[in-house]
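For what it's worth, the numbering used here labels the leading residue of the sequence shown as -10, then goes sequentially.
Everything below concerns the one structure shown next.
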Amino acid sequence: MDQLSCLRMFLEVARRNSFAGAAQHFGVSRATCTKQVAWLERSLGVKLLNRTTKQLGLTPAGLQVLENGTDLLQRYDDLRESVHDLSRDVAGVVRVGVPPAFGTQRLLPVIGEFHERYPDVQIALSLLTVRKQETFVEQGLDVGIIIVPVLKDASFIAIPLAEARQALVASPAYLAKVPPITHPRDLQHCKCLVNWNKSPTATWNFTGPEGPVAVRVQGPLRSDFGDALKEAALAGMGISMHPYYMIADEIERGELQVVLPGYVPSGLDVYAIYSSRKNLPMRVQVFLEFLKEWARTPKSWSKGME
């Protein structure tokens, strides 16, 4: 028998505490599962499991194999993949889903640098909306760039790329028409432009000198498209909330002004997500490594405009 296959079987039995569960996971009979674990025990010369009619228990040797075997198999899989990739050219298409504003304003320069290093790899960008983040694999994407307050789905492997602190902004023309805004409650009397994906109840949350503050807002425009809300703010229609990566240039040019700088809106984080470490094409691996390298350099838009 293959020792590595038997080790994989034992680890699955130990994790599930069940021969039947492990057999079902690998699509084999329970008898085959039992034989493979028994073969591993004979091969190692130790008993790994204490079996009774009602339960399984790990022996001290079994516990040590469980603790070290997972890392051993991962190293083997990584080695096999890296050796296999030596015979493959880094070429082809990497399909990336990304929110439109982040993609056009922040990711495109990264893709340009990536292309300089890997000219035979093409990047195919697709719009990745909040509603589609959970199904990016079904869309045929290799990598998803998502920007969320909390990463909820543990089925993805996530690479943190940057923080995305947010700010309230409005045009100087709009702010000249309204009374001074000194506290989030003043927003209840302002025209607010709401992103319903981020704030489905039109409630904006802040952290200020007195702690957390929440305020329900309203205004002439709601949208799930952040660029539309930013353009509305630039046109003087009201106050909008955006990550700094969307508005840093407009703030620097004076086209938008930060509202309530002493109150920090709830922040977001930028992640690259993908479905599995196994069988990743080399072109996807090098793209993910390039993103990790890019993420190591602090971004001027990441934590605000201090």
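By construction, the Cβ of each residue, glycine as well, lies at the ideal position given by its N, Cα and C atoms.
All values reported here derive from a predicted model rather than from experimental measurement.
Separation of the CB atoms of G256 and R154 is rounded to 5 Å, and the pair is thereby assigned contact status at 8 Å. Note on K166: under 16 other CB atoms within 10 angstroms of its CB, so exposed under the neighbour-count rule. The beta carbon of Q207 sits closer than 7 Å to the beta carbons of C181, A191 from its chain, once the five residues preceding and following it are set aside; these are given in chain order. Distance from the Cα of H178 is smallest, within the candidate group W185, S144, R205, for R205.
The beta carbon of E1 is closer than 6 Å to those of A11, H14 in its chain, skipping five residues each way along the sequence. Residue pairing by DSSP places M(-2) in no beta bridge whatsoever.
Here A159 is near V248, since their CB atoms are less than 8 Å apart. Counted as a single uninterrupted DSSP element, the alpha helix (DSSP H) harbouring D216 occupies residues 215 to 223. In this structure, the CA atom of R174 is about 14 Å from the CA atom of L157. Distance from E30 to K36 at the Cβ level is roughly 6 Å; contact confirmed, criterion being Cβ atoms closer than 8 Å. Short of 6 Å from the beta carbon of G34, and not among the five residues preceding or following it, lies no beta carbon of its own chain.
Between the segment 40 to 57 and the segment 98 to 113 there are fewer than three inter-stretch CB-CB distances shorter than 8 Å, so the stretches are not counted as touching.
Between W185 and P254, the CB-CB gap reaches or exceeds 8 Å.
When Cβ pairs closer than 8 Å are counted between the two stretches, the segment 218 to 233 is seen not to touch the segment 102 to 115, the count staying below three. Taking C-alpha positions only, L277 is separated from I170 by approximately 43 Å. Taken atom to atom, the span from the alpha-carbon of G51 to that of L(-4) is near 11 Å. Cβ-Cβ separation between A284 and A151: approximately 6 Å, consistent with a contact (criterion under 8 Å). Around the Cβ of D131, a 10 Å sphere holds 16 or more other Cβ atoms; the residue is buried. Counted as a single uninterrupted DSSP element, the beta strand (DSSP E) harbouring L182 occupies residues 181 to 184. G46 carries a strand assignment under DSSP once its states are collapsed to helix, strand and coil. Y107 is a Cβ neighbour of V79, given a cutoff of 8 Å. Across the structure, G215 and G200 are spaced so that their CA atoms are roughly 27 Å apart.
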